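Read the structure below first, then the notes.
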Amino acid sequence: MPIDCEEAAFYRQIVDATKDNASSIDLYQVLRIERETTPKEIKKAYRRLAVRWHPDKHRNDFDKAFAESVFKLIARAYEVLSDENSRADYDAGGFNGGIFCK
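For the sequence shown, the numbering used here assigns the number 161 to the initial residue and increments by one for each residue that follows.
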């Protein structure tokens, strides 16, 4: 399924926001899921988005660069939300250092 303009604009806002304050990004929004989503549904959402936004799926350099930024956000959101302890910390507001720190 191709990426539509609305989805591209949605992720453009998120990518731009990470430049100012990465810790303000809602990881559930990145994966386009609800907070009550099950681990199985998180994995399904991640896989769907990872396939769509993988940089190798895009032809020109601008699209590849943007797709790579989005892909990294999606991967990081999945990394946090798919791990039970990290997700609990994130949900409690105590995730150390924002979404890009381990």
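For glycine and all other residues, C-beta sits at the position ideal for the given N, C-alpha and C. All of these numbers come straight from a predicted model, not from anything done at the bench.
Contact annotation, I202 with I193: C-beta distance approximately 6 Å; criterion of less than 8 Å satisfied. Annotated as distal: V190 and A248, with beta-carbon spacing of 7 Å or more. Listed in chain order, the non-local C-beta contacts of A227 below 8 Å within the same chain comprise W213, H214, P215, K217 and H218, local neighbours out to five positions each way being set aside. L191 sits in coil when the DSSP states are folded into three classes, being neither helix nor strand.
Look at the region 182–252 and you find these whole runs of alpha helix (DSSP H), each 4 residues long or longer: 187–190, 199–213, 221–241 and 244–251. Going by beta carbons, R195 and Y188 fall inside the 7 Å limit. The beta carbon of S242 sits closer than 8 Å to those of P199, I202, K203 and Y206, all from its chain and outside the five residues before and after it, given in chain order. The shortest CA-to-CA distance from F231 to any of N220, D164 and R208 is the one to R208. The beta carbon of R172 lies closer than 8 Å to those of F226 in the same chain, with the five residues before and after it left out.
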